[in-house]
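*Asks:* Be aware that the sequence shown starts at 4, since it is given in my numbering, and climbs by one per residue.
We put the beta carbon where it would ideally sit given N, CA and C, even for glycine.
These figures come from a predicted structure and were not determined experimentally.
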Amino acid sequence: MCGIVGYVGGEDASDVLLDGLKRLEYRGYDSAGVAVLNGPVLDIRRSVGKLHNLDVLLKKSPLAGHVGIGHTRWATHGRPSEENAHPHRDASGRVVVVHNGIIENYSALKAGLQARGVKFESQTDTEVIAHLVGEAIARRKKKDAPLAPEDFLEAVRETLSELKGTYALGIITADCPGVIVGARRECPLLVGIGEKEYFLASDAPAILSRTRHAVFLNDGDMALLSSDGVKLFSAETGLPVERKTTHLPWDPLQAEKAGYRHFMLKEIHEQPRAIEDCLRGRLNVDEIRVHLDTLRLSEEQIKAFRKITIVACGTSYHAGLLARYLIEKWVKAPCDVEIASEYRYRDPLVGPEDLVVAISQSGETADTIAAIRHAKEKGARTLAICNVIGSTLYRESHGKILTHCGPEIGVASTKAFSSQVVVLYLLALYGALLRGSLPRPDVEKIMQNLLHLPHWVGEALKCEPATIALAKKYFHSRNFLFLGRNLNYPIALEGALKLKEISYIHAEGYPSGELKHGPIALIDEDMPVIAVATQGRVYDKILTNLEEVAARGGRVIAVATQGDTRISALTPDVLWMPDMPESMAPAVNVVPLQLLSYHIAVLRGCDVDQPRNLAKSVTVE
Ligand code: F6R
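Structure follows, in structure tokens:
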């Protein structure tokens, strides 16, 4: 959670930092701050609330200087307030720190510091780092001489050895002007290499407008940034380490709103393009081949796997639930889907004969990373499906498949979900081809359908005016029930998650067959029921369920196939989808649910891109 930016270069640091923070605001947005070094003068500005408040403060009270660090916060320790906002200072005010992650032993460290007479300004875990670095610098400082960068690095390194927990850190000190020290343990951190300017950032979008060359730090790495360039070191040994520079594949324009009112709306509309990008170069219909070059699994391994386990959280978990249907049907292999935060603390029966697939947009979700590490320890082969090149999950998994949907900035996941679904279609087809579990003509047909998917998703987007009308009719409702069955059950869950996270309306997703086992008791005219009921083999079943709802005075909103007169006889509130093959329906049917949630949230005056209490990537447990 939280976002970090650091800058060393020729421009006004506070402008660059603020611009970077704006691009990271989706990471956390309850307070923000920057610290800038002007020669040996170090100054801070912090404010509670959205970044706009910091912007206003900096206009009133600017900071001059070419070196600095900034932070946008998602509170863990201590409520959102000016004192708890980062950067945090040491007792002398000469050291400041920005931090993502959690220092688990901060209470013990704080008690030790307090026993030495240190006074604390905040309730955060981070502040201990500033004081410890301040003390370590004081031990190294020679009277009237600036601190050498190596000594600053050593002071931080000594402090790191005392910390338990997770961190991405950016630190500057008035004693060593012109230098930023960064460090990482289990929280993402990268260094951007520009034209005579260098950046520290928790996420790539912060630097995309200035450079696309990045070095991703490994756990245990430290970085020293100055106008001379960037050097990396091991926190354990203090010795230099080499990491390769990665070219970031994202176009900086993809991280802009491009005229849309919200990133979420832009990202919903980007889905046909995102699916095309995800499919590009991966399907060869003539030869009936699927190319997944970075899978790093031999044909023998794929054929031999005993079981596939998918681990993920939130929306990515819903993509996993859908994959189970595809893997069972097409690959004819057993497939479990697990919520990563549960899996990591279980004792799953997993071993070298298993494949564990992690799905994560960010590649930085703490629980998903822990789940994959757990599986690796047990000898399983691991595969990451993620959107962020260089992310922790991407680097730590044996094989990887990028979803290529471009940066997703809206906190609620939309295009990332569609592209995950597409990758899972590809993976299931790939497995089916290798295992020979699906007749080749069927594979060919599915391939053709996949190539047509961007068109069907484009058709689904045309229902936006109808979603606006329905949003106006229903946005006062306090509860919603989402129903789906078979392939559309994960879509019902996803629809309910979208609605609750951006509009704060209570919503539950159910397999429609479960209705009679309890939830039907909730049905009345105040509980709209949203049903995903496009044509397919369980269509009749779900229709029966909807008739049961209607018979009890429930109001039904249906996602249905164009021309379905049985649905239009049942309810006037229908979102019409194109006629499409059943297997493609989930990737299309999710679109009207995303749009409906979006427009309901807008009508309720919610902050769609930055919903309360949420942050884009959940890098803490
Ligand atoms: C919902 C949403 C979250 C994420 C979840 C996992 O819209 O965005 O539920 O899907 O936090 O995140 P990733 O995919 O980055 O692991």
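To the nearest angstrom, report how far apart Ser50 and Glu130 are at their CA atoms.
*Replies:* Walking along the sequence shown from the start, residue 50 turns up at place 47. Walking along the sequence shown from the start, residue 130 turns up at place 127. One C-alpha to the other measures close to 17 Å.
*Asks:* Rounding to the nearest angstrom, what Cα-Cα distance links Arg188 and Ser416 in this structure?
*Replies:* For the purposes of this step, residue 188 is taken as the residue at position 185 of the sequence shown. For the purposes of this step, residue 416 is taken as the residue at position 413 of the sequence shown. So the alpha carbons of these two residues sit roughly 26 Å apart.
*Asks:* Opposite Ile175 in the DSSP bridges: which residues?
*Replies:* For the purposes of this step, residue 175 is identified with residue 172 of the sequence shown, where counting begins at 1. When beta bridges are read from the DSSP output, Ile175 appears opposite Val99.
*Asks:* Hey, which residues come within less than 6 Å of the ligand F6R, measuring from Cβ to any heavy atom, in chain order?
*Replies:* Cys316, Gly317, Thr318, Ser319, Ser363, Gln364, Ser365, Thr368, Thr371, Ala415, Ser416, Leu500, Glu504, Ser620, Val621
*Asks:* Between the alpha carbons of Leu54 and Lys619, how many angstroms are there, rounded?
*Replies:* If you number the sequence shown from 1, residue 54 lands on position 51. If you number the sequence shown from 1, residue 619 lands on position 616. Whole-angstrom Cα-Cα distance: 16 Å.
*Asks:* In the region 304 to 341, which residue ranges form an unbroken beta strand (DSSP E) of at least 3 residues, counting only runs that do not cross its ends?
*Replies:* Runs found: 310 to 315.
*Asks:* To the nearest angstrom, how far is it from the Cα of Gly232 to the Cα of Val59?
*Replies:* Here residue 232 refers to the residue found at position 229 when the sequence shown is read from its first residue. Here residue 59 refers to the residue found at position 56 when the sequence shown is read from its first residue. Going by the C-alpha atoms only, they are around 32 Å apart.
*Asks:* Please report how far the alpha carbon of Glu517 lies from the alpha carbon of Phe483, in whole angstroms.
*Replies:* Along the sequence shown, one-based indexing puts residue 517 at 514. Along the sequence shown, one-based indexing puts residue 483 at 480. Answer to the nearest angstrom: the Cα atoms are 16 Å apart.
*Asks:* Classify Asn616: buried if its beta carbon has 16 or more other beta carbons within 10 angstroms, exposed otherwise.
*Replies:* To locate residue 616, count along the sequence shown from 1; it is residue 613. Exposed, since its Cβ has fewer than 16 Cβ neighbours within 10 Å.
*Asks:* Are Asp178 and His134 closer than 7 Å when you measure CB to CB?
*Replies:* Translated into positions along the sequence shown, residue 178 becomes position 175. Translated into positions along the sequence shown, residue 134 becomes position 131. No.
*Asks:* Please state the DSSP three-state secondary structure of Leu3.
*Replies:* Because the chain is modelled from 4 through 624, residue 3 falls outside the range shown and cannot be assessed.
*Asks:* Counting C-beta neighbours from all protein chains within 10 Å, is the total for Gln565 16 or more, i.e. buried, or is it exposed?
*Replies:* Stepping through the sequence shown from its first residue, residue 565 is reached at position 562. Looking at its Cβ environment, which holds fewer than 16 other Cβ atoms inside 10 Å, Gln565 is exposed.
*Asks:* Please state the DSSP three-state secondary structure of Thr129.
*Replies:* In the sequence shown, counting from the first residue as 1, residue 129 sits at position 126. Coil.
*Asks:* I want to see whether chain D comes within less than 7 Å of Ala261, judged by CB atoms only; does it?
*Replies:* Among the chains of the structure shown, chain D does not appear; only one protein chain is present.
*Asks:* Does Pro152 come out as helix, strand or coil in the three-state DSSP assignment?
*Replies:* Looking up residue 152 in the sequence shown gives position 149. In the structure shown, the three-state DSSP call for Pro152 is helix.
*Asks:* Kindly indicate the opening and closing residues of the alpha helix (DSSP H) around Val621.
*Replies:* As a first step, residue 621 must be located in the sequence shown, where it is residue number 618. Per DSSP, Val621 belongs to no alpha helix (DSSP H) and is neither H nor E.
*Asks:* Spatial neighbours of Asp222 within its chain, please: CB distance less than 7 Å, with the 5 preceding and 5 following residues excluded, ordered by chain position.
*Replies:* Locating residue 222 in the sequence shown gives position 219, where the first residue counts as 1. Cβ within range, chain order: Arg187, Arg188, Glu189.
*Asks:* If Gln364 sits next to Glu411, beta carbons under 8 Å apart, how far is it from one beta carbon to the other, in whole angstroms?
*Replies:* Locating residue 364 in the sequence shown gives position 361, counting from the first residue. Locating residue 411 in the sequence shown gives position 408, counting from the first residue. Their Cβ separation, rounded to whole angstroms, is 6 Å, which keeps Gln364 and Glu411 in contact under 8 Å.
*Asks:* Determine, using beta carbons only, whether Ala16 and Thr75 come nearer to each other than 7 Å.
*Replies:* Within the sequence shown, the letter at position 13 stands for residue 16. Within the sequence shown, the letter at position 72 stands for residue 75. In this structure, Thr75 does not lie closer than 7 Å to Ala16 by Cβ.
*Asks:* If you check the beta carbons only, do Ala495 and Gly521 fall under 7 Å apart?
*Replies:* Taking the sequence shown and counting its residues from 1, one reaches residue 495 at position 492. Taking the sequence shown and counting its residues from 1, one reaches residue 521 at position 518. For Ala495 and Gly521, no; Cβs fall outside 7 Å.
*Asks:* Rank Pro191, Leu156, Leu193 by C-alpha distance to the C-alpha of Ile175 and give the top, closest one.
*Replies:* Translated into the one-based positions of the sequence shown, residue 175 becomes position 172. Here the closest residue by C-alpha is Leu156.
*Asks:* On a Cα-Cα basis, can you pick out the residue from Glu14, Leu21, Glu28, Val19 that is closest to Val611?
*Replies:* Start at 1 with the first residue of the sequence shown, and residue 611 comes out as number 608. The residue with the shortest Cα to Cα distance from Val611 is Glu28.
*Asks:* Shortest alpha-carbon distance to Lys167 belongs to which of Ala209, Tyr477, Arg143, Lys113?
*Replies:* For the purposes of this step, residue 167 is identified with residue 164 of the sequence shown, where counting begins at 1. Nearest option by C-alpha distance: Lys113.
*Asks:* Would you decide whether Ala572 is buried or exposed? Buried here means 16 or more other CB atoms lie within 10 Å of its CB.
*Replies:* Here residue 572 refers to the residue found at position 569 when the sequence shown is read from its first residue. It counts as exposed.
*Asks:* Within its chain, find whatever has a CB closer than 7 Å to the CB of Thr395; leave out the 5 residues flanking it on each side and keep chain order.
*Replies:* As a first step, residue 395 is located in the sequence shown; it is residue number 392 there, counting from the start. Here the set comprises Pro191, Gly366, Glu367, Ile372.
*Asks:* Spell out a yes or no on whether the region 537 to 551 and the region 498 to 510 are touching, meaning 3 or more CB-CB pairs, one atom from each, closer than 8 Å.
*Replies:* With the cut-off at 8 Å, the region 537 to 551 and the region 498 to 510 do not touch.
*Asks:* In or out: Leu268 buried (at least 16 other Cβ within 10 Å) or exposed?
*Replies:* Position 265 of the sequence shown, counting from 1, holds the residue named residue 268. That one is buried.
*Asks:* Cβ of Pro275 within 7 Å of Cβ of Pro514?
*Replies:* For the purposes of this step, residue 275 is taken as residue 272 along the sequence shown, with counting starting at 1. For the purposes of this step, residue 514 is taken as residue 511 along the sequence shown, with counting starting at 1. Contact flag unset, no.
*Asks:* Taking the CB atoms as reference points, tell me whether Glu624 and Ala378 lie closer together than 7 Å.
*Replies:* Within the sequence shown, numbered from 1, the residue matching residue 624 stands at position 621. Within the sequence shown, numbered from 1, the residue matching residue 378 stands at position 375. It is not a contact, given that the beta carbons lie outside the stated cut-off.
*Asks:* Contact defined as beta carbons within less than 8 Å: I believe His294 pairs with Arg285. What is the distance between those atoms, to the nearest angstrom?
*Replies:* The count along the sequence shown starts at 1 and reaches residue 294 at position 291. The count along the sequence shown starts at 1 and reaches residue 285 at position 282. Confirmed, Cβ separation roughly 5 Å.
*Asks:* Quick one: what's got a C-beta closer than 6 Å to Ala78's C-beta in the same chain, skipping five residues either side?
*Replies:* Stepping through the sequence shown from its first residue, residue 78 is reached at position 75. Same-chain partners within the cutoff: Asp33.
*Asks:* With a CB to CB cut of under 6 Å and the five nearest residues on each side skipped, what residues in its chain are close to Val98?
*Replies:* Counting from 1 along the sequence shown, the entry for residue 98 is found at position 95. Closer than 6 Å at Cβ, skipping near neighbours: Ala133, Val136, Gly137, Thr176.
*Asks:* When you compare only the Cα positions, how much space is there between Leu464 and Val594?
*Replies:* Walking along the sequence shown from the start, residue 464 turns up at place 461. Walking along the sequence shown from the start, residue 594 turns up at place 591. Roughly 7 Å separates the two Cα atoms.
*Asks:* Count the CB pairs spanning the region 588 to 604 and the region 532 to 545 that are closer than 8 Å, and state whether there are at least three.
*Replies:* yes
*Asks:* In whole angstroms, give me the CA-to-CA distance for Tyr201 and His69.
*Replies:* For the purposes of this step, residue 201 is taken as the residue at position 198 of the sequence shown. For the purposes of this step, residue 69 is taken as the residue at position 66 of the sequence shown. Computed Cα separation, rounded: 11 Å.
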